[in-house]
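Numbering of the sequence shown is given in full-length UniProt numbering, commencing with residue 1 and proceeding in unit increments. Ideal Cβ placement from N, Cα and C applies to all residues, glycine included.
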Amino acid sequence: MTGQDAASRGWDETRPTAKLLLADGTLIEGEGLGAEGVAAGEICFNTAMTGYEEILTDPSYAGQIITFTFPHIGNVGVNDDDVETVNIAASSGVRGAVFAADVTEPSNWRATRDLDQWLKAKGIVAITGVDTRALTALVRENGAQNAVIGHAPDGEIDEAALKSELAQFAGLEGQDLVPLVAATQRYGWDEGGWAWPGLDVPGAYGRRPEGSPKRVVAIDYGLKRNILRMLTEAGCEVTVLPPTATAEEVLALDPDGVFLSNGPGDPAATGVYAVPMIQGVLEKKVPTFGICLGHQMLALAVGATTAKMHQGHHGANHPVKDMITGKVEITSMNHGFAVDRATLPDNARETHVSLFDGSNCGLELTDRPAFSVQHHPEASPGPQDSHYLFHRFVEMMGAR
């Protein structure tokens, strides 16, 4: 129906309050949510059915616009306990979000506010009323591409301004985004796993178990809180260092082990300053464990290379095969780059493989106590299929 037809019937024509413009020229209109303004990033899709707050606060999403394939986002609200980013001083890094259905009032006893309020407070621009199935199919077929969201409650969205913002976004290749989300100074961590209501503990989470802890230095490339909790639960005393820490600074703490965290951006760009530190730690044969970007950093440190993926892996239903045990794990993933297995040196053995596309998802060194995985074992889609990796790290430190 045209605007003239609507006017003749006495109806007001609804104006879209948000627009999503893709690099290929696709323009999608919908209702705005969250922060007002314009935000550009690389668009991707996440297939998880739960955990939208953890996804939106995962530092690995810096520079990206997330399309949620599950339609009911926001129905349980948000709360401070489920925030994944450690660096509260920085934003989550997510540039925008795309939803299918309108966000409803929260219905959950843990909710402290609704998603719209939270998005505004975080400065995240969002759009609802989008056919996310069609958008996901577009990204799947044509690959990840740059996009821009504009949100104006009055509907006055300048498409020329959207195009200008989109043209200025450089994309993720070649970009070191770690400084946007990582810690800038050293700190300690002792928060443990979830403590159910009614237990005699303060807050929602417990503390490190009693006993002789393993001293772990965690390098923050964009650390998720639950990774630190899993290390603590496994009996580790964790000290976090910023991503620019040198091998001398790490080794001065006399760690039993070194952990390399997840993070955003192009691993090759971050590797410029991260690889020398890792090589220094490996030279001293300190047990080392990496997750996601940390996996890619370990691979780069031994001479392998990484490459941009067609669409990336983002979701909580990704099957990964452990090539050593033959078991299949249901994992959580969030990465747009992958290690090129063809470039792995002779002293690096592939341990895990994605059953979706066959891409590399893990490695271990045969001449050093070091291993890493591309997926996120701290998440619980399986629900605990990959938790053993933290205990493997502790056993490796004990065998040193």
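Item	Value
Collapsed DSSP secondary structure at I227 in the structure displayed	helix
Three-state class that DSSP yields for H72 in the structure shown	coil
R341 (DSSP reduced to helix, strand or coil)	helix
Contact set for L355: own chain, Cβ-Cβ below 6 Å, skip 5 residues either direction	P319, K321
Reduced DSSP secondary structure (H/G/I, E/B, other) of P59	helix
Limits of the unbroken alpha helix (DSSP H) element including V394	388-399
Distance, E378 Cα to G206 Cα	16 Å
Rounded separation between M277 and G271 - CA only	10 Å
Opposing strand residues paired with A307 [DSSP bridges]	A338
contact_flag[the region 181-196, the region 48-57] where n(CB pairs < 8 Å) is 3 or more	no
Proximity of L119 and A62 at Cβ, strictly below 8 Å	no
C-beta contact flag for G280 and L177 at 8 Å	no
Alpha-carbon spacing of D100 relative to T67, whole angstroms	Note that residue 100 corresponds to Ala in the displayed sequence, not to Asp. Taking the straight line joining both Cα atoms gives about 9 Å.
Per-residue DSSP class, three states only, for W109	coil
Under 8 Å between C-beta atoms of E233 and G192	yes
Residues sharing a beta bridge with I219, DSSP	L241, L260
Distance between L138 and D154 (C-alpha atoms, nearest Å)	29 Å
Host alpha helix (DSSP H) of A301 (start-end)	293-301
Rounded Cβ spacing between V38 and G150 (contact assumed at less than 8 Å)	5 Å
Touching by the beta-carbon criterion (3+ pairs, under 8 Å), the region 294-312 and the region 13-28	no
Residue of C44, K308, M230, A274 minimising C-alpha distance to S386	M230
Environment of E329 [buried if 16+ CB atoms lie within 10 Å]	buried
Supposed close pair T305, D340 - CB separation, criterion 8 Å	5 Å
Residue from L228, N334, I65, N87 whose Cα sits closest to the Cα of V94	I65
For P179, the three-state DSSP class (helix, strand or coil)	helix
Exposure label - A160; buried when at least 16 CB within 10 Å	exposed
CA-to-CA distance, D131 to E364, given in whole angstroms	42 Å
Classification of W109 by the beta-carbon crowding that lies within 10 angstroms, buried from 16 upward	exposed
Limits of the unbroken beta strand (DSSP E) element including Q185	Premise fails: Q185 is in no beta strand (DSSP E) and is neither H nor E.
The ligand MN heavy atom lying under 7 Å from the CB of A218	Only the bare structure without any ligand can be found here, which leaves the ligand MN out of the picture.
Cβ-Cβ distance between R256 and R400 below 8 Å	The displayed chain sequence assigns Asp, not Arg, to residue 256. Yes, the Cβ-Cβ distance between D256 and R400 is below 8 Å.
Nonlocal neighbours in the same chain, by C-beta distance under 7 Å from R15, ignoring five residues either side	G155
8 Å Cβ shell around P202 - same chain, five flanking residues per side excluded	With a pLDDT of 49 at P202, under the threshold of 50, the modelled position of this residue cannot be trusted; read the value that follows with caution. Nothing meets the Cβ criterion.
Assumed close pair A218, V250 - CB separation to whole angstroms, cut-off 8 Å	In fact, because the Cβ distance is near 10 Å, the residues do not count as touching under 8 Å.
Environment of T351 [buried if 16+ CB atoms lie within 10 Å]	buried
Alpha-carbon spacing of P106 relative to V125, whole angstroms	19 Å
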